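All letters in the sequence shown, in the order written, are residues -17 to 201 by the working numbering.
Structure first, commentary second.
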Amino acid sequence: MQPINPNNALDNEHCLYVAGSGGGKTTAVKKFGRIKGTDQVVFWDPHQDYDTIQQRKVRRYKTFKAFFAALRAARATKRGFKIALTVPESRKNFLKFCEVVKGFGDGLHAKRLHVVIEELPQVTESVGKEVGAYGWLLTVGRKFGFIVHSVAQRVVEISKTAVSQSVYKWVGVQFSRADAKRMSDETDVPLSDILNLNPLEYYFKSPNAGNFKKGRLTF
Ligand SMILES: Nc1ncnc2c1ncn2[C@@H]1O[C@H](COP(=O)(O)OP(=O)(O)OP(=O)(O)O)[C@@H](O)[C@H]1O
Ligand SMILES: [Mg+2]
């Protein structure tokens, strides 16, 4: 399957979530609000982190075949859905997931298609340019309705494509100075402010220089 109807009127809304373990990344994806209950969402979810999001149940599939069939049926409607793929965490499986999802792109669909990638560093091969279907989702996917949410414990272990194309950045507690420094450079949030973050606290950077705000996740 190939994506259809490229639509340049669609904005880039890709978002990156970076924090050390326990910093609140998965919680941010679930609660921060970039993803709504009415949205159409697929998850690369090898560790089964997503059971519900925004009070909606996540349907989980453990084979590509079942995942594809569920996504095809759901995407044929205008209704929201939450569908996760849980297969062994390998680069090969990840790229296959991205390739399958890519086929459901449609720039004129009533709903954009959100794609959540958990623990991106585990399936990253190079910190250089991202190649393959994941790189396509990040660089071209917007026109076909995709909104990619990439989650990583360490920014220095993901590709520069993932960092630069994710124009929204959620920054939580950083465990190394190298990561804090890089996120400071990427967001314009002063390094000392990033170093002072506690778990569940964050800075959220929107496109345009200097445009960030501080917050804290609650349950
Ligand atoms: N439902 C909940 N109620 C209360 N606290 C929670 C709940 N879910 C998570 N937490 C707490 O929130 C903090 C952040 O958890 P979260 O899973 O979002 O971190 P994370 O950044 O995704 O970590 P990891 O990289 O290990 O996946 C943890 O201290 C966790 O105990
Ligand atoms: Mg997590």
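Even glycine gets a Cβ: it sits at the ideal position worked out from N, Cα and C.
If you're wondering where the values come from, they're calculated on a predicted model, not measured in any experiment.
Where does Glu112 land, buried or exposed, given buried means 16+ other C-beta within 10 angstroms? As a first step, residue 112 is located in the sequence shown; it is residue number 130 there, counting from the start. By the neighbour-count rule (16 or more Cβ atoms within 10 Å), Glu112 is buried.
Taking 6 Å as the cut-off, is the C-beta of Gln37 nearer than that to any heavy atom in ligand 1? In the sequence shown, residue 37 corresponds to position 55, counting from 1. For ligand 1, not one heavy atom lies less than 6 Å from the Cβ of Gln37.
Beta-carbon distances below 6 Å to any heavy atom of ligand 1 define the shell here; list its residues in chain order, please. Ala1, Ser3, Gly4, Gly5, Gly6, Lys7, Thr8, Thr9, Gln135, Pro181, Leu182, Phe201
Let me know if Ala144 comes out buried or exposed under the rule of 16 or more other beta-carbons within 10 Å of its beta-carbon. What you label residue 144 is simply residue 162 of the sequence shown in a count that begins at 1. Buried.
Since Val133 is in the beta strand (DSSP E), which residue starts that stretch and which ends it? Start at 1 with the first residue of the sequence shown, and residue 133 comes out as number 151. From DSSP, the beta strand (DSSP E) with Val133 extends over 128 to 134.
Rounded Cβ spacing between Glu100 and Trp152 (contact assumed at less than 8 Å): Start at 1 with the first residue of the sequence shown, and residue 100 comes out as number 118. Start at 1 with the first residue of the sequence shown, and residue 152 comes out as number 170. Glu100 to Trp152, Cβ: 14 Å. No contact.
Between which residues of its own chain and Gly228 is the CB-CB distance below 8 Å, once the five residues before and five after are set aside? A query on residue 228 cannot be resolved here, the shown segment of the chain reaching from -17 to 201 and no further.
Do Asn87 and Phe128 have their C-beta atoms closer together than 7 Å? Here residue 87 refers to the residue found at position 105 when the sequence shown is read from its first residue. Here residue 128 refers to the residue found at position 146 when the sequence shown is read from its first residue. Rather than Asn, the amino acid found at residue 87 in this sequence is Gly. Yes, the pair counts as a contact, with Cβ atoms nearer than the cut-off.
Express the C-alpha separation of Gly114 and Asn75 in angstroms, rounding to a whole number. Taking the first residue of the sequence shown as position 1, residue 75 is located at position 93. Taking the first residue of the sequence shown as position 1, residue 114 is located at position 132. Asn75 and Gly114: Cα-Cα distance of roughly 12 Å.
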